[in-house]
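Below is one structure, written out as structure tokens; comments come after it.
Residue numbers (the working numbering): 35 to 335.
Structure below.
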């Protein structure tokens, strides 16, 4: 498998992605510039005049087009328009500073989880988190969910990050010569995400609702590999994980949460210095309860 040193320079991993310069054009003008710059349009969803007469409708059209386009160069005019639109979008949605969130050690003072002062449980949108890196649950091709406006984490991350992310992921797979294996990890810049970097992991796939020891090992490797890759990259002190392989992928939430917490606890115990904050990001109150129950009854080895 391709190592970080093999692709780091090829995707300019250590270069900052610039914030857009001040642009006085309206959202509508930027949207029309961006859409007109995507010459090979493929999305055949809603095209009603009413839907496309609003900025929101046009933005969804742009997001859909970007989710189905093939990786490739984007001309500077189109790129600048998309950059400005995504920057404004994030500003409207808001950012959540992970460093300001309450640690588990404050929420559950008697929690037995080692390094609970480094752990945050966050119920919200991971694409709003200001952290050094977020972990994306990726498909083996790494190039994002191909279903327009799907709403899965992979889709949402690529949508907010922008088309430059897909190009980087395609470059990595091209250099590797094959798709990412289960539990494999790769890192890219975050582009228009509030996170500086995105770590992509190919999550285990459950067949026929049968959980095997191999799948449990793969799930643990997703967490362990992401933490280790963050340290190898350097400069990453905070990291946010989703509930990997749960939901549509079928891993039981309680067991997946225990594997996640146990793997991170063991890793932090063995590597006490590099990572200062780990965020477990969940979508719903029910998911948050799963983690809270696990932490409330946690017994460390």
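Where is the CB? At the ideal position from N, CA and C, for every residue including glycine. All figures in this text were calculated on a predicted structure; none of them were measured in a lab.
Problem - Coil, strand or helix - residue 223 by DSSP - result: The answer is strand: DSSP assigns residue 223 an E or B state.
Problem - Through-space distance from residue 255 to residue 392, alpha-carbon basis - result: Outside the shown range of the chain (35 to 335) lies residue 392, about which nothing can therefore be said.
Exercise for the section: Would you check if the distance between the CB atom of residue 153 and the CB atom of residue 138 is smaller than 9 angstroms? Expected result: With contacts defined by Cβ atoms closer than 9 angstroms, residue 153 and residue 138 form a contacting pair.
Handout entry: Sub-9 angstroms separation of residue 191 and residue 160 beta-carbons
Key = Going by C-beta atoms, residue 191 is nearer than 9 angstroms to residue 160.
Practice task
Note down, in chain order, each residue of its chain lying with its Cβ closer than 6 angstroms to the Cβ of residue 275, except the 5 sequence neighbours on either side.
Solution key: Within the same chain, residue 275 has close Cβ partners 169, 314.
Exercise for the section: For residue 206, count neighbouring Cβ atoms within 10 angstroms of its own Cβ and tell me buried if that reaches 16, exposed if not. Expected result: Burial call: buried.
Practice task
Name the residue from 177, 44, 96, 132 whose alpha carbon lies nearest to the alpha carbon of residue 61.
Solution key: Of the listed residues, the one whose Cα sits closest to residue 61 is 96.
Problem - Cross-strand partners of residue 97 (DSSP beta bridge) - result: Answer by DSSP bridge pairing: none, since residue 97 is not bridged.
Practice task
With a 10 Å radius around its C-beta and 16 neighbouring C-beta atoms as the bar for buried, classify residue 93 as buried or exposed.
Solution key: Looking at its Cβ environment, which holds 16 or more other Cβ atoms inside 10 Å, residue 93 is buried.
Exercise for the section: State the start and end residues of the unbroken alpha helix (DSSP H) segment that holds residue 192. Expected result: For residue 192, the enclosing alpha helix (DSSP H) begins and ends at 187–195.
Exercise for the section: Taking 8 angstroms as the threshold, find out whether the segment 206–217 comes into contact with the segment 145–152 through three or more Cβ pairs. Expected result: By the Cβ test, the segment 206–217 is not in contact with the segment 145–152, since fewer than three Cβ pairs between them sit closer than 8 angstroms.
Handout entry: Same chain, Cβ closer than 6 angstroms to residue 280, neighbours up to 5 away in sequence not counted
Key = Correct list, in chain order: 287, 290.
Practice task
Spell out a yes or no on whether the segment 293–305 and the segment 61–70 are touching, meaning 3 or more CB-CB pairs, one atom from each, closer than 8 angstroms.
Solution key: The segment 293–305 is not in contact with the segment 61–70.
Practice task
Select from 127, 133, 199 the residue whose C-alpha is nearest the C-alpha of residue 103.
Solution key: Of the residues 127, 133, 199, the one whose Cα lies closest to the Cα of residue 103 is 199.
Practice task
Note down, in chain order, each residue of its chain lying with its Cβ closer than 8 angstroms to the Cβ of residue 229, except the 5 sequence neighbours on either side.
Solution key: So the list reads 163, 164, 165, 166, 167, 168, 274, once near-sequence residues are dropped.
Practice task
Please state whether DSSP places residue 232 in a helix, a strand or coil.
Solution key: DSSP places residue 232 in strand when its eight states are reduced to three.
Practice task
Go through the segment 281–327 residue by residue and report every complete run of the beta strand (DSSP E) that reaches 3 residues or more, in order.
Solution key: Runs of the beta strand (DSSP E) inside the segment 281–327: 311–316.
Exercise for the section: Would you give the residue range spanned by the beta strand (DSSP E) that residue 157 belongs to? Expected result: Residues 153–157.
Handout entry: Closest residue to residue 285 among 52, 87, 249 (Cα-Cα distance)
Key = With distances taken between Cα atoms, residue 285 lies closest to 249.
Exercise for the section: Could you tell me if residue 316 is buried or exposed, where buried requires 16 or more neighbouring beta carbons within 10 angstroms of its beta carbon? Expected result: Result: buried.
Exercise for the section: Could you name the residues that DSSP lists as bridge partners for residue 272? Expected result: Beta bridge pairing from DSSP links residue 272 with 311.
Problem - Delimiting residues of the alpha helix (DSSP H) encompassing residue 53 - result: Here residue 53 belongs to no alpha helix (DSSP H), and DSSP marks it neither H nor E.
Practice task
Would you mind reading off the limits of the alpha helix (DSSP H) that contains residue 251?
Solution key: First-last of the alpha helix (DSSP H) with residue 251: 247–267.
Handout entry: Which listed residue (240, 177, 146, 155) has its alpha carbon closest to that of residue 335
Key = Closest by alpha carbon: 146.
Practice task
Give every residue of the same chain whose Cβ lies closer than 7 angstroms to the Cβ of residue 44, excluding the five residues on either side of it in the sequence, and list them in chain order.
Solution key: Contacts found: 205, 209.
Exercise for the section: Please state if the CB of residue 264 and the CB of residue 235 are separated by a distance shorter than 9 angstroms. Expected result: No, the Cβ-Cβ distance between residue 235 and residue 264 is not below 9 angstroms.
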